[in-house]
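Colleague: Last residue of the sequence shown: number 512 in my numbering, and the count goes up by one each step with no gaps.
Glycine included, every Cβ here is placed at the ideal spot set by N, Cα and C.
In this text the structure is predicted, and so the values were computed from the model without any measurement.
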Amino acid sequence: MVDVTSRKAMGVLFGGAIGVTLLVQVYLWQHIADDAFITFRYAERLVAGFGLTFNDGERVEGFSNPSWTVLLAVLKFVTSISVPDVARGLGLLSSVLTLYVVVAIVRSLDKGISIHVLSVALMLIVASPGFHVYATAGLEGPLLGLLLVVAVLQTLKGDTHGAATALGLAAITRPEGLLYGLLWLFTIGNRRKSLVGLIRGRSLDIALIVFLPAMWLIFRLWYFESWLPNAAIAKPPGTFGGLVILPSYVQPWIIALGGPMILLPWFLLHPTRNPSQVKIMSASLGLLIAAAIFLFYARGDWMPFGRFVVPVWPLVAAGFAVWFVPAFLEMRVRGFFRYARWVAPVMYFALFSCSVFAWQVQVRRYVANNEMYMLMRGTDQLTVGAWLSGSVKEGSTVAIARLGGIAYAAPRLFVWDLNGLTDKEEALFVADGRPGGVNADPVLSRKPDVLALVDVPVEWGYKSDSELMDWIKRRYTLTRSFPQGTYGAVDVWVADDRIESILRKDMYREGG
Numbered sequence: 001m002v003d004v005t006s007r008k009a010m011g012v013l014f015g016g017a018i019g020v021t022l023l024v025q026v027y028l029w030q031h032i033a034d035d036a037f038i039t040f041r042y043a044e045r046l047v048a049g050f051g052l053t054f055n056d057g058e059r060v061e062g063f064s065n066p067s068w069t070v071l072l073a074v075l076k077f078v079t080s081i082s083v084p085d086v087a088r089g090l091g092l093l094s095s096v097l098t099l100y101v102v103v104a105i106v107r108s109l110d111k112g113i114s115i116h117v118l119s120v121a122l123m124l125i126v127a128s129p130g131f132h133v134y135a136t137a138g139l140e141g142p143l144l145g146l147l148l149v150v151a152v153l154q155t156l157k158g159d160t161h162g163a164a165t166a167l168g169l170a171a172i173t174r175p176e177g178l179l180y181g182l183l184w185l186f187t188i189g190n191r192r193k194s195l196v197g198l199i200r201g202r203s204l205d206i207a208l209i210v211f212l213p214a215m216w217l218i219f220r221l222w223y224f225e226s227w228l229p230n231a232a233i234a235k236p237p238g239t240f241g242g243l244v245i246l247p248s249y250v251q252p253w254i255i256a257l258g259g260p261m262i263l264l265p266w267f268l269l270h271p272t273r274n275p276s277q278v279k280i281m282s283a284s285l286g287l288l289i290a291a292a293i294f295l296f297y298a299r300g301d302w303m304p305f306g307r308f309v310v311p312v313w314p315l316v317a318a319g320f321a322v323w324f325v326p327a328f329l330e331m332r333v334r335g336f337f338r339y340a341r342w343v344a345p346v347m348y349f350a351l352f353s354c355s356v357f358a359w360q361v362q363v364r365r366y367v368a369n370n371e372m373y374m375l376m377r378g379t380d381q382l383t384v385g386a387w388l389s390g391s392v393k394e395g396s397t398v399a400i401a402r403l404g405g406i407a408y409a410a411p412r413l414f415v416w417d418l419n420g421l422t423d424k425e426e427a428l429f430v431a432d433g434r435p436g437g438v439n440a441d442p443v444l445s446r447k448p449d450v451l452a453l454v455d456v457p458v459e460w461g462y463k464s465d466s467e468l469m470d471w472i473k474r475r476y477t478l479t480r481s482f483p484q485g486t487y488g489a490v491d492v493w494v495a496d497d498r499i500e501s502i503l504r505k506d507m508y509r510e511g512g
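1) Under the three-state reduction of DSSP, which class applies to F236: helix, strand or coil?
2) Buried or exposed: D35, going by 16 or more other Cβ atoms within 10 Å of its Cβ?
3) Report buried or exposed for Y348, applying the criterion of at least 16 other Cβ atoms within 10 angstroms of its Cβ.
4) Could you tell me whether the Cβ atoms of S396 and I502 are closer together than 8 Å?
5) What ranges does the alpha helix (DSSP H) occupy inside the segment 66 to 115, keeping only unbroken runs of at least 4 residues that lie completely in it?
6) Find out if the Cβ-Cβ distance for the pair G177, Y249 is shorter than 8 Å.
7) Given a cut-off of 8 Å, decide if P142 and A151 are closer than it, judged by their beta-carbon atoms.
8) Between the segment 125 to 132 and the segment 20 to 33, do at least 3 Cβ pairs fall closer than 8 Å?
9) The alpha helix (DSSP H) spanning S355 covers which residue range?
10) Could you work out which residue in R412, I255, P275 and R364 is closest to C354 when comparing CA atoms only?
11) Out of curiosity, what's the CA-to-CA distance linking W222 and A234?
12) Are I188 and P314 touching if we call contact CB-CB under 8 Å?
13) Anyone know if the C-beta pair for L257 and H116 falls short of 8 Å?
14) Where F14 and V103 are concerned, what is the direct C-alpha to C-alpha distance, given to the nearest angstrom?
15) How far does the alpha helix (DSSP H) with L484 in it extend, from its first residue to its last?
16) Give the straight-line distance between the Cα atoms of V384 and A409, rounded to the nearest whole angstrom.
17) Could you check if D247 is buried or exposed, using at least 16 other CB atoms within 10 Å of its CB as the buried criterion?
18) Can you look up E176 in the DSSP assignment and give me helix, strand or coil?
19) Residues in its own chain within less than 8 Å of A232 by CB, not counting five upstream and five downstream?
20) Helix, strand or coil for A48, going by three-state DSSP, please let me know.
21) Please go through the same chain and pick out, in chain order, the residues whose beta-carbon is closer than 8 Å to the beta-carbon of G16, but skip the five residues on each side of it.
22) Let me check understanding here. Comparing Cα to Cα, which of V120, L388 and G181 lies closest to A283?
23) What residue does the beta strand (DSSP E) around V398 start on, and which one ends it?
24) Whole angstroms is fine: what's the gap from S80's alpha carbon to L421's?
25) Once the 5 residues before and after N369 are set aside, which same chain residues still bring their CB inside 7 Å of it?
26) On the premise that A171 lies in contact with A33, defined as a C-beta separation below 8 Å, what is that separation, rounded to the nearest angstrom?
27) Using a Cβ-Cβ cutoff of less than 8 Å, which residues in the same chain neighbour A440 once the five nearest sequence positions on both sides are dropped?
28) Give the secondary structure of W416 by DSSP, where H, G and I count as helix, E and B as strand, and everything else as coil.
29) Helix, strand or coil: which one does DSSP assign to L243?
30) Under 8 Å, do S391 and R475 count as touching if we go by C-beta distance?
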């Protein structure tokens, strides 16, 4: 039996996983999720000397990924490469390094472990569309995923300080980041019976985990004058998760692991736990629990392919492979298969088929650029922003219901977010349930020069709100409509009493 000490076999598997990852990027490289452009605008403005602001003079923490935002700004400053390209490159590098660390994790468990364990772990990762989509979507997920697998690897090596350092960085990479570190502390085999004992025994690890988030909190209080990022206020639990019911959000991941087939070895063999399973479970349990808690808190997410699960999926894949593969392969020894040599091929085919089945609906919708998937490419949103930048007077105010790409492509316009992510007043209004409706909306009360609103054939499309439509039609003129994928459009409305002063005359004269 070939084991993970075979450098040739390991190299072939790792090289194959990288090859698949790069091949998929031939199609995905130009796609950037619309949300990523929010971070990009902050990073661009930081490099340009405007501070961590979305608009001039407005200190609002409209991002929830400080390490990613600052890292993009630093790399932009050092290399002069555009922020989107820096984000894509860094995300892809993080994804490739994640594969490498997964290889190291499996190798560190047991020198005699079957190469099939590593093969299945890598296959489950690269068979997940989310791993590829988010690798270059411009978001912080790949960096978080890399930090988590590094933490597990260092834990397995006995280097808890190294693991804590990685988790300290993770704590300022995503809003739930600190939770990973805190739960890791309680699940790495500490046998002390009191909280005081835990603190004394792990004081340096605790310090490494909380130092960076504590420093960022101090900075936040000084710079943004807030205890929480504005995005956390604007997005209470379930705000966007309600678009995807939680069970249906988790279902594809369960199917990708084989669905009912997961239980087959247990029913037939009643396998006992081996040391490798205990090691990887002990090292990663706290991180998986943290991910589950945050997923329950968020109640899912509107983005496809399980954005919140993708960072921990490599850990799930490795842990599953360590448990499932030896048990499944043992069935050929026990005589459950007439032709023993077919056991491994059947296992690979079944698991890969499950992944294909689990994601085929979402993949088709993504390729068709339909429904919410049209927000995963960014190109149509950038088109709207580019038109605004070239057609609307510099310094004009624009109220937007879909913030990212439009705002990024119109850097010289004052952009107000109707969802409140980058606007303190609007965030409180949204968090309170929008009391008073349109007439009490803080952003609309400022009488923006331009409205850029999303028209989609569902309840949250702006035309579904009759009160809002009446308010708009009394004050604004529809100037342009930009298709968004194959699903909807962004309509641009300009204030009636300012249309000639803020819109380029040739654009106004030609009707846009």
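Modeller: Per the coordinate set shown:
1) What sits at residue 236 in the sequence shown is Pro, not Phe. Residue state, collapsed to three classes: coil.
2) buried
3) The residue is exposed, with fewer than 16 neighbouring Cβ atoms inside 10 Å.
4) yes
5) 66 to 79 and 83 to 109
6) Between G177 and Y249, the C-beta gap is not smaller than 8 Å, which leaves the two residues out of contact.
7) no
8) yes
9) Segment V343 to A368, the alpha helix (DSSP H) holding S355.
10) I255
11) 20 Å
12) no
13) no
14) 7 Å
15) It is Gln, not Leu, that sits at residue 484 in the sequence shown. From DSSP, Q484 is part of no alpha helix (DSSP H) but of the beta strand (DSSP E) over Y476 to Q484.
16) 8 Å
17) The question names Asp, yet the displayed sequence has Pro at residue 247. With fewer than 16 other Cβ atoms within 10 Å, it is exposed.
18) coil
19) S64 and P175
20) Of the three classes helix, strand and coil, the one that applies to A48 here is coil, per DSSP.
21) L122
22) G181
23) T397 to I400
24) 28 Å
25) R377, G485 and T486
26) About 23 Å separates the CB atoms of A33 and A171; that is not less than 8 Å, and the two are not in contact.
27) For A440, where only same-chain residues beyond five positions count, the Cβ hits under 8 Å are F429 and R434.
28) strand
29) With a pLDDT of 49 at L243, under the threshold of 50, the modelled position of that residue is not reliable, and no figure is offered here.
30) no
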